[in-house]
Amino acid sequence: MPAPPPALPRARRIGIASGHAGRLRWPRGLLRSAGLRFAGLYAALFGLSALALVLFLWWDTAALLDRQVDAAIRADAQGLNERWESGGLPALILTIRERLAENIDDDAIYMLVDNTGRRLAGNLDRWPPGITTDDDWYEMPIVRDRVRSLARVHNFALPGGFHLLVGRDVEARVKLRRILTDAMLWAVLVVAGLGGLGAFLVRSVLRGMLADISRTTAAIGAGDLTRRVRLSGRGDEFDRLAETINDMLERISRLMEGVRAVSNAIAHDLRTPITRARTRLEDALAHADAAADLRAAIERAEADLDGIVAVFQAILRIAEIEAGARRSAFSPFDLVPVLGDLAELYGAVAEERGLTFIFRSPAALMLFGDRDMIQQAVANLLDNALKFSPPQGEIRLLAESQGRIVRITVTDQGPGIPEAERARVTERFYRGESARTTPGSGLGLALALAVAQLHDGTLTLTDNAPGLAATLNLPGQED
Amino acid sequence: MGSILLVAAWLAIGDAPADDAAQVITDTPDYCAQLRAEVQEEMDVAATAKPAANPEARAPMLAEVDSLAKEGGRLCAAGKVRGGIIRLRRALTLMHESPPHGGE
Ligand SMILES: Nc1ncnc2c1ncn2[C@@H]1O[C@H](COP(=O)(O)OP(=O)(O)OP(=O)(O)O)[C@@H](O)[C@H]1O
Ligand SMILES: [Mg+2]
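In the order they appear, the protein sequences are chains A and B.
The first sequence: position 123 = 123 (our numbering), numbered continuously.
Just so we're on the same page, our numbering is the position in the second sequence counted from 1, plus 1000.
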């Protein structure tokens, strides 16, 4: 059995990880936390601005110090030059000694050497290495009393091979650098601390806010469509997200409900006519002897099948309306001529059956919607009224506008719909007890309701005492 | 974060040791002794010279120079060389600011 590969020594592993900061092995959950990423971004921005500030301070203050030091060195050198010109080398040496003796600020640097490099005056133990170019500025390390410091010097070439260094100890700049470095390190610590704290806070806040959404969606994913996201009531982005999700869930469950109802209805209500058609054909096959009998049976079956097709079309139409797909066909139109046509058509039928038909409407009623759909809905209401009217009954078709609402009411004097049944008659395929003897499939009111809802309106059924009053309430067109 | 540390390291570079750096020799006990002798010499000269136009004004100055010089010498002896040197320099500056013959 092969031995497992030996684990890397711990120290080495850490060394590799810190060498490639990008590949650090964080706990997976931490890296995936959006809160941590936000906090990291925030900390990085904060760190960058702290860095920019420190660098700006550094360049600004260091440059100011440099300018002051340069001016002092130039003035100093000017004075020494005058002494050199008036008194020669001895005067220069004496002046350098004097200036050193009176240098209360304790920052002056002088060095005068002859052409062999021998020191004639000054306070450096030797000519500093690296200072080679005449008349140039240098920055060099020096040691004072065993403490390192920084000096800024100018190298002057004098006639006769003499060289003079005039400079200043710029320890202030070293101190400034140290202060800024400290500040920066502290800033790094603070950024890291605040960033960590911020990451933790942002993460837990985000978690808390998203927890309910993810719980709900998980439950729905598991099949529980009744769950909804809880609103915090603050009206913030998360509440709006929750509202959107809830609306979406509402719509999904409505559609699901619709699909379920339709398939149930098809299963229950279309089985009967299909079975009947089949029985008739079987019967004819078994018993019909003459060709005429067969033909009659086939014709009856054909009529049955036509009815089934019509029902399918109605179902599909309702489904189409409920999906809201027809909204693109909306346009403004005048309702009165539409109702006029219907009144003419149904008025003739009513007259034939000995019923009274009354049509009343204003001169014009503007609507915004689907003209054919609304015509179909009103036709369904009129169809019911004719179907359920007793002999000599009276049917009314009334249209009026009340405020911004347009109302189309159809009344009859038939049996009406009992209070308890009114909510159910608009369901697909529902047919009342009284309607068992009349033809129909129970889709008329369902379609009328779907049309009303498509137009943001309602369908109300009220008692006409006797009979039924069915009203379509549709929002009129704004002008 | 890495870049911040880099810059911090860069800012701190000035503190790295460099053995070939030139030494300042006016921070040494020798130089302190030299300055002390110079001050003493000038004080002696001032004491023996004939008092000039305003001896009353020079007397307190000389007293202060004397005390500065003594303190400087004491600090140097105690090992606080830079502090001692600064006091001696101040003493010298003070003497030179008011020349014995009021010749300004
Ligand atoms: N004017 C009315 N008077 C009495 N009952 C009615 C009236 N209109 C509808 N109903 C009741 O509501 C049920 C549903 O009506 P709906 O128009 O949806 O179906 P239907 O008329 O039976 O069939 P379809 O309209 O599809 O031919 C009817 O079966 C009937 O019981
Ligand atoms: Mg009907």
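By construction, the Cβ of each residue, glycine as well, lies at the ideal position given by its N, Cα and C atoms.
- With the rule of 3 Cβ pairs closer than 8 Å, the stretch 90-110 of chain A does not count as touching the stretch 458-478 of chain A.
- When Cβ-Cβ separations below 8 Å define contact, Leu100/A makes contact with chain B.
- Taking C-beta separations shorter than 7 Å and ignoring five residues to either side along the sequence, the partners of Thr95/A in its chain run Leu80, Arg83, following chain order.
- Assignment of Pro1060/B by DSSP, reduced to helix, strand and coil, places it in the helix class.
- In the three-state reduction of the DSSP assignment, Trp59/A falls in the helix class.
- Straight-line spacing of the CA atoms in Arg371/A and Arg271/A works out to 34 Å.
- At a threshold of 7 Å, Asp412/A does not count as near ligand 2, since its beta carbon sits no closer than that to any of the ligand's heavy atoms.
- Judged by the Cβ position, Asn264/A fails to qualify as a neighbour of ligand 2 at the 7 Å threshold, every heavy atom of the ligand being at least this far.
- Contact check for Ile109/A and Val153/A: beta-carbon distance about 6 Å, within the 8 Å limit, so the pair qualifies.
- Taking a beta-carbon distance threshold of 8 Å, Arg67/A does not count as an interface residue toward chain B.
- Among the bridge pairs identified by DSSP, Ser401/A is matched with Val406/A.
- When rounded, the separation of the alpha-carbon atoms in Leu339/A and Ala319/A is 25 Å.
- For Leu474/A, the enclosing beta strand (DSSP E) starts and ends at 468-475.
- Closest option to Asp1020/B, judged by alpha-carbon separation, among Met140/A, Val170/A, Asn123/A: Met140/A.
- When 9 Å is used as the limit between beta carbons, Glu1038/B is near these residues of chain A: Ala101, in chain order.
- With 16 or more other Cβ atoms from the protein chains shown falling within 10 Å of its own Cβ, Trp58/A counts as buried.
- Between Asp135/A and Phe156/A, the C-beta gap is smaller than 8 Å, which places the two residues in contact.
- An exposed status is given to Pro418/A, since fewer than 16 other beta-carbon atoms sit within 10 Å of its beta-carbon.
- Look at Ala1033/B: its C-beta is not under 8 Å from any C-beta on chain A.
- When the Cα atoms are used, Leu176/A and Val170/A turn out to be separated by approximately 10 Å.
- One alpha carbon belongs to Glu102/A, the other to Arg1058/B, and they sit about 19 Å apart.
- Beta-bridge partners assigned by DSSP to Phe359/A: Leu397/A.
- A direct Cα-to-Cα measurement between Glu421/A and Glu427/A gives close to 11 Å.
- Close CB contacts of Ala34/A within its chain, under the 7 Å cut and outside five residues either way in sequence, are with Leu206 (chain order).
- Interface residue (Cβ-Cβ distance to chain A less than 8 Å): Leu1092/B is classified as such.
- The alpha carbon of Pro128/A has as its nearest neighbour, out of Arg144/A, Met111/A, Thr116/A, Asn115/A, the alpha carbon of Met111/A.
- The set of residues with any CB-heavy atom separation to ligand 2 below 7 Å comprises, in chain order, Asn380/A, Asp383/A, Asn384/A, Lys387/A, Gly440/A, Gly444/A, Leu445/A.
- Of Gln402/A, Ile405/A, Arg404/A, Val410/A, the smallest CA-CA separation from Glu394/A is found for Val410/A.
- Residue Arg173/A holds the alpha-carbon nearest to the alpha-carbon of Thr61/A among Leu124/A, Arg74/A, Glu85/A, Arg173/A.
- Residue burial is scored here from C-beta neighbours: Phe312/A has fewer than 16 other C-beta atoms within 10 angstroms and is therefore classed as exposed.
- In this structure, the CA atom of Leu474/A is about 58 Å from the CA atom of Asp289/A.
- Sequence-distant partners of Cys1032/B (beyond 5 residues in either direction) whose C-beta falls short of 6 Å from its own C-beta, in its chain, are Cys1076, Val1081, Gly1084, Ile1085.
- The residues Ala297, Arg300, Ala301, Asp304, in chain order, have a CB closer than 8 Å to that of Arg280/A in the same chain once the five nearest residues on each side in sequence are set aside.
- Exclusion of the five residues before and after Ile252/A leaves Leu225 as the residues of its chain whose Cβ lies within less than 8 Å of its Cβ.
- Boundaries of the beta strand (DSSP E) harbouring Trp137/A: 136-144, taken from the DSSP string.
- Asp1020/B reaches chain A at Pro129, counting residues in chain order whose Cβ is nearer than 7 Å.
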